[in-house]
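Heads up: the protein sequence lines correspond to chains A, B, C and D, in order. Sequential numbering of the first sequence, starting at 25, is according to the numbering used here. Sequential numbering of the second sequence, starting at 25, is according to the numbering used here. Sequential numbering of the third sequence, starting at 8, is according to the numbering used here. Sequential numbering of the fourth sequence, starting at 8, is according to the numbering used here. Using N, Cα and C, we set each Cβ at its ideal position, and we do this for glycine too.
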Amino acid sequence: MADYTVAELMAVCLAREIKDRDRVLQGLYSPLPIMACLLAKNFHAPNMVHINTADVIDPEPTEVPFSTAGPALQERAVAYLPLWQTFDLAQQGKLDLIFLGAAQVDKYGNTNLSVIGPYEKPKVRLPGGAASAHLCAIMDAVIWIPRHNARALVEKVDFITGQGYLTGGKAREGAGIPKGGPRKVVTNLCIMDFEPETKAMRLVSIHPGVALEEVKENTGFELIVPDKVETTEPPNKEELEFMRQIDPKGVRELEFH
Amino acid sequence: MADYTVAELMAVCLAREIKDRDRVLQGLYSPLPIMACLLAKNFHAPNMVHINTADVIDPEPTEVPFSTAGPALQERAVAYLPLWQTFDLAQQGKLDLIFLGAAQVDKYGNTNLSVIGPYEKPKVRLPGGAASAHLCAIMDAVIWIPRHNARALVEKVDFITGQGYLTGGKAREGAGIPKGGPRKVVTNLCIMDFEPETKAMRLVSIHPGVALEEVKENTGFELIVPDKVETTEPPNKEELEFMRQIDPKGVRELEFH
Amino acid sequence: MKEKLYTLQEAVSSFINDGDVVAVGGVGRNRSPMALVREIVRQGKKDLHIVGREKGMDFDMLIGAGCVRKVSFALVSLEEFGLAMNFRRKAQTGEIELDEHACNSVITSIRAAAMGLPFLPLRGMLGSDVFRVSKSLTEIKCPFTGEPLAAVKAIKPDVTIIHAHQADKFGNVRIQGSPFEDILKAWAAEKTIVTVEEIIDHEEIRNNTHLTTIPHIYITAVIHQPKGAWPASCDRYYDSDREEVKTYAQAIKTPEGFQEYLDRRVLNRRD
Amino acid sequence: MKEKLYTLQEAVSSFINDGDVVAVGGVGRNRSPMALVREIVRQGKKDLHIVGREKGMDFDMLIGAGCVRKVSFALVSLEEFGLAMNFRRKAQTGEIELDEHACNSVITSIRAAAMGLPFLPLRGMLGSDVFRVSKSLTEIKCPFTGEPLAAVKAIKPDVTIIHAHQADKFGNVRIQGSPFEDILKAWAAEKTIVTVEEIIDHEEIRNNTHLTTIPHIYITAVIHQPKGAWPASCDRYYDSDREEVKTYAQAIKTPEGFQEYLDRRVLNRRD
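Structure representation (structure tokens):
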């Protein structure tokens, strides 16, 4: 049995998407993205810029709070930065990465946080997509899905809240939103990206102990499986120690109960 | 001989245009408007809101500085208010009055601070109209002219920097700027307003010791002279004492040397 | 300057009318004006159009209590405590009208009003079904470059309600933590009601000009209401009360549970 | 965070290029980045497009010294010391291109760039000849209400130059007085150079989050330059040097007088 949880593994996978000097926005109810930002800053990307929903830049929290817009996330920040100003930065092309949760994600990386069923008479009304319909159109996003199953990974989302590659290929350009797009999808089973031509979702690596069949069975569309599929690199000892120290209450596990 | 200067008289005339609770913007190089704001607040309009080019609201300066955006004008202010935010307020219709200087003002209250002569090849390039082309379109203005003569009060300005009533009558409405307009013109000789129908400039009162002929001769267009023309009420003792106390260096006299 | 101290009851009854557009401060369960929200519920205000970005218990309670006609929002959720069930139920039955947004489009609609403009342009939004179904968003072309942009219709709040840290009796307000959009909302609104943890002396405002975040001209009523954000957090004063939010989250699973919560924690209680 | 301490000479030579759009901080003769202006003159930068609202000696000096191709402005004046004669002369001969604005239209062009937008709408302007002759302004209709508005084309500065009070070595900046549009200009620009009265410890920044007015992400270079606004004022540090401005105002009455001033006070002097 691994000495890390799937939450910890996913946090590290998200962290690896952050490069040094990247400007990253971490949103509300984002337990894994906040871990990812703090991990990246503490290890491989010390000059990443962490902007958060508590409206600050580069905080140094002693402990991760449950509400990811909570006051503890202001601690030792270098400045307040209202979210509307961060969005201005994004519109200038100066925000590098966001992390995105979703109830559904489809083959082309479109995400749904609005409705299951028809929009006007929904079967299930979801909470709404937060920043996604704005930011997904203009920048890179990494999507995280804590429960990889065929209800979450679907052929076509019921409603496009956050723009992925729409109908694939050059559809984004055609819609007037040439920049950015979803880069990776990190789930509790694997990591996926998007095939450059068709923009269809493609397996990149499978988490340790997960079988390819399990991934396929839990995906609601035909996933591109390249000849070579890696095993996801697990968190190392330092990363685990860091997470457990900065998150003693287990905020990172919130989505896995 | 009067015991007050024409600057002091004009300052008091401008002050009287400020009603209690009015929100008034005082701009750069505005020695008389700053006196007017401080007079109004200290006497008849204690709840007027004084917003200034030092980007503060309701300052209590000990002494009026030469630069009307100078640091002394931040003293004891209740808040900083960047000018762009004051302009937002004006666009909301929540700024009540501005004072406006001009090189030329014409019969319909249009003001020029841009050029004498043709725009592309000017005889004289003037400093520019500051806030006027924006604010004169959306709110009330009071114009002050320290030297009432036929070069300043002209039939038609060479260039409309700040919108008055354009060609008079309903021309403002026709141009898509129905709100506001110049309310009064205060000069070293007299006070004028605008006749409600034609929007042509009309004499209101003549300063003590000035003859009607002097006003007429120094005005470059036919001024409407009503049957009854008042004599401008001079500053009272308290107003004079206040001005001399808050402005010991004579900032109010700057335009009269 | 005019003195503007009111009680919670007076301010809500004097300045909030049925049918008003009400912008609500705070984000998630942080600095939400919960005492004001509860008083609105107690006074049985109706047909409100509530506006906010990422909202939680505040929106859910107003919706559940029947105060709301329309919701402009980007997200309504109780974060780790799950779904805002009143919001979900009434959205599914069509009892409330939804004006769904992205965070920045709802912020921009407030910002347009704050700037005194009927609309503002925005990047992004194109290609999203949020854009496609919205009556508040349309496509325009930049008159200079020709590029396609979203246009966002202004939302001018009749009233903004926020909770802040300190104010003087004239309504010079200090927010001493995350600003959220509270300041924009106050700029945009016809009237702004603020509850504060502390009333401070006017001289303190004059002596520290740089600490005032919202000057008096934007404020209609100041209410001294310590713990006015509870069970939301108020930076530097208290963290959110997770037990209470959890209790609420459990209660709203059924309309009956919610009604019982309302009776116990709102209607038969004063803030 | 990256350390960003430079000398005046290094910063101007590294980050300002001939032909750049340069937004200049301050208003009138208050917190103008005069040391940077003088260094630009010394380094003989050419063809700059300078952008500001109500400007004085800073613009006049850059224009007189031949650094400027185009001026976006609402006013250029030396206040009580009279006309900005270099501006006037070169405007009259057509040696500089004028992009004349109202205060709020030039601010809005910067604000559009700060928001990452190619234009912004604006009320007012209609009916003014400033609007009629401008290439930066046009009329649009609100796509929701149909009302006529002005549209203002964005001006994105290649470089913004400002003078501020304090910064740490990473470029977390504190403005401790009138903000003017310095913050908007820093948000809007590709690069921002700031001279400061004092370099403060990074821990001081971390311990007083609320005092940072421009965070490091907007800043390219920090220069420790006490009296860097002289002869303009710097709130809390010094008032404007009226004698020096008066000397300048006298000197610029003729091109020869200006050249003599430049030689004596700028070219043969270091800041």
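Ignore the nearest five residues each way along the sequence and tell me which others in B/Glu179's own chain have a CB closer than 7 angstroms to its CB. Here residue 179 of chain B refers to the residue found at position 155 when the second sequence is read from its first residue. Taken in chain order, the residues that qualify are Asp130, Lys131, Gly244, Phe245.
Are any of the Cβ atoms in chain C nearer than 9 angstroms to that of D/Thr219? Within the fourth sequence, numbered from 1, the residue matching residue 219 of chain D stands at position 212. Closer than 9 angstroms: no.
If you measure beta-carbon to beta-carbon, which residues of the stretch 176 to 202 of chain C are closer than 7 angstroms to chain A? Gly184, Ser185, Pro186, Phe187, Glu188, Leu191
Any C-beta of chain A within less than 7 angstroms: which residues of the stretch 222 to 239 of chain D qualify? Pro222, His223, Ile224
Please identify the residue among A/Glu262, A/Asp120, A/Arg268 whose C-alpha is closest to the C-alpha of A/His68. In the first sequence, residue 68 of chain A corresponds to position 44, counting from 1. With distances taken between Cα atoms, A/His68 lies closest to A/Glu262.
Own chain partners of C/Pro222 with C-beta closer than 7 angstroms, once the 5 adjacent residues on each side are dropped: Here the question's residue 222 of chain C lines up with position 215 in the third sequence. Closer than 7 angstroms at the Cβ level, and outside the excluded window around C/Pro222, lie Asn179.
With a cut-off of 9 angstroms, does the C-beta of B/Thr256 fall near any C-beta of chain D? Taking the first residue of the second sequence as 1, we reach residue 256 of chain B at position 232. No - not a single Cβ of chain D is within 9 angstroms of the one on B/Thr256.
Kindly give me the distance between the Cβ atoms of B/Arg276 and B/Glu84, rounded to whole angstroms, as I take these residues to be in contact under 8 angstroms. Walking along the second sequence from the start, residue 276 of chain B turns up at place 252. Walking along the second sequence from the start, residue 84 of chain B turns up at place 60. 18 angstroms between Cβ atoms; not a contact.
Cβ shell of B/Lys43 (< 7 angstroms), same chain only, five flanking positions each side left out: In the second sequence, counting from the first residue as 1, residue 43 of chain B sits at position 19. So the qualifying residues of the chain are Ala69.
Leaving out five residues before and five after D/Val273 in sequence, what residues of the same chain have Cβ atoms less than 7 angstroms from its Cβ? The residue you call residue 273 of chain D lines up with position 266 of the fourth sequence. Here the set comprises Arg45, Val48, Arg49.
With a CB to CB cut of under 7 angstroms and the five nearest residues on each side skipped, what residues in its chain are close to C/Val159? Taking the third sequence and counting its residues from 1, one reaches residue 159 of chain C at position 152. Correct list, in chain order: Ser112, Thr115, Ser116, Ala119, Phe126, Leu127, Leu129, Ser143, Leu144.
Less than 9 angstroms separating the beta-carbons of A/Arg171 and A/Gln128? Here the question's residue 171 of chain A lines up with position 147 in the first sequence. Here the question's residue 128 of chain A lines up with position 104 in the first sequence. Not a contact, by the Cβ cut-off of 9 angstroms.
In three-state DSSP terms, what is B/Met25? Counting from one through the second sequence, the residue named residue 25 of chain B turns up at place 1. With a pLDDT of 46 at B/Met25, under the threshold of 50, the predicted position of this residue should be treated as unreliable, and no value is reported.
Bridge-paired residues (DSSP) for C/Glu250: By 1-based counting over the third sequence, the position of residue 250 of chain C is 243. DSSP lists no partner for C/Glu250.
When you compare only the Cα positions, how much space is there between C/Asn24 and C/His108? Position 17 of the third sequence, counting from 1, holds the residue named residue 24 of chain C. Position 101 of the third sequence, counting from 1, holds the residue named residue 108 of chain C. Taking the straight line from one Cα to the other gives about 25 angstroms.
Between the alpha carbons of A/Thr222 and A/Glu279, how many angstroms are there, rounded? Residue numbering aside, residue 222 of chain A sits at position 198 when the first sequence is read from its first letter. Residue numbering aside, residue 279 of chain A sits at position 255 when the first sequence is read from its first letter. About 32 angstroms.
Identify the contact partners of C/Cys149 in chain E, using a Cβ-Cβ distance below 7 angstroms as the criterion. The chain inventory of the structure shown lacks chain E, comprising the protein chains A, B, C and D.
For D/Leu90, list the residues DSSP reports as bridge partners. Sequence index remark: in the fourth sequence, residue 90 of chain D carries index 83 (1-based). Paired residue(s): D/Ser84.
Secondary structure at A/Leu278, three-state DSSP: helix, strand or coil? Start at 1 with the first residue of the first sequence, and residue 278 of chain A comes out as number 254. Note: A/Leu278 maps to helix in three-state DSSP.
Contact under 9 angstroms by Cβ, A/Gln109 with A/Val80: Numbered from 1 along the first sequence, position 85 holds the residue referred to as residue 109 of chain A. Numbered from 1 along the first sequence, position 56 holds the residue referred to as residue 80 of chain A. No. Outside cutoff.
Cα-Cα separation, A/Ile270 to A/Thr86: Locating residue 270 of chain A in the first sequence gives position 246, counting from the first residue. Locating residue 86 of chain A in the first sequence gives position 62, counting from the first residue. Roughly 6 angstroms between the two C-alpha positions.
Taking only beta carbons into account, state which residues of the stretch 125 to 151 of chain A come closer than 7 angstroms to chain C, listed in chain order. Ser138, Tyr143, Pro146, Arg149, Pro151
Output yes or no for whether 9 angstroms exceeds the beta carbon distance between A/Ile122 and A/Val166. On the first sequence, position 98 is the one that residue 122 of chain A refers to. On the first sequence, position 142 is the one that residue 166 of chain A refers to. Closer than 9 angstroms, so yes.
Starting from the Cα of D/Arg213, find the closest Cα among D/Glu204, D/Asp175, D/His231, D/Ile224 and give me that residue. The residue given as residue 213 of chain D occupies position 206 in the fourth sequence. Comparing Cα positions, the closest option is D/Asp175.
Would you list the residues sitting across from C/Pro155 in a DSSP beta bridge? Working through the third sequence from its first residue, we reach residue 155 of chain C at position 148. In the DSSP output, where bridge partners are listed per residue, C/Pro155 has C/Lys148.
Where B/Asn71 and A/Ser54 are concerned, what is the direct C-alpha to C-alpha distance, given to the nearest angstrom? Taking the second sequence and counting its residues from 1, the one referred to as residue 71 of chain B is at position 47. Taking the first sequence and counting its residues from 1, the one referred to as residue 54 of chain A is at position 30. One C-alpha to the other measures close to 47 angstroms.
How should A/Pro220 be labelled, buried or exposed, when 16 other C-beta atoms within 10 angstroms of its C-beta is the threshold for buried? Here residue 220 of chain A refers to the residue found at position 196 when the first sequence is read from its first residue. Per the 10 Å Cβ criterion, exposed.
D/Ile168 versus D/Phe177, D/Glu146, D/Lys198, D/Phe151, residue with shortest Cα-Cα distance: To locate residue 168 of chain D, count along the fourth sequence from 1; it is residue 161. Residue D/Lys198 is the option with its Cα nearest to D/Ile168.
Proximal residues, the stretch 91 to 108 of chain A versus chain D, C-beta separation under 8 angstroms: Gln98, Arg100, Ala101, Val102, Ala103, Tyr104, Leu105
Please name the residues in the stretch 247 to 259 of chain C whose beta-carbon is closer than 8 angstroms to at least one beta-carbon of chain A, in chain order. Ser247, Arg249
Starting from B/Cys214, follow the alpha helix (DSSP H) in both directions and report where the run begins and ends. Position 190 of the second sequence, counting from 1, holds the residue named residue 214 of chain B. That residue, B/Cys214, is in no alpha helix (DSSP H); its beta strand (DSSP E) goes 214 to 218.
Can you list, in chain order, the residues of its chain whose CB lies under 7 angstroms from that of A/Met25, leaving out five sequence neighbours each side? As a working note, residue 25 of chain A is residue 1 in the first sequence. Confidence in A/Met25 is poor, its pLDDT being 46 and thus under 50, which makes the residue's placement unreliable; the coordinate value appears in the next sentence. Excluding sequence neighbours, A/Met25 sits near nothing in its chain.
Could you compute how far the alpha carbon of A/Glu41 sits from the alpha carbon of A/Met34? Reading the first sequence from its first residue, position 17 is the one you call residue 41 of chain A. Reading the first sequence from its first residue, position 10 is the one you call residue 34 of chain A. Distance between the alpha carbons of A/Glu41 and A/Met34 is about 11 angstroms.
Endpoints, beta strand (DSSP E) assigned at B/Arg226: One-based indexing of the second sequence puts residue 226 of chain B at position 202. First-last of the beta strand (DSSP E) with B/Arg226: 225 to 230.
Kindly indicate which three-state DSSP category B/Val48 falls into: helix, strand or coil? As a first step, residue 48 of chain B is located in the second sequence; it is residue number 24 there, counting from the start. Reduced to three states, the DSSP call for B/Val48 is strand.
When B/Cys214, B/Glu265, B/Met59, B/Gln50 are compared against B/Asp120, the one with the closest alpha-carbon: In the second sequence, residue 120 of chain B corresponds to position 96, counting from 1. Selected option, being the one with the closest Cα: B/Gln50.
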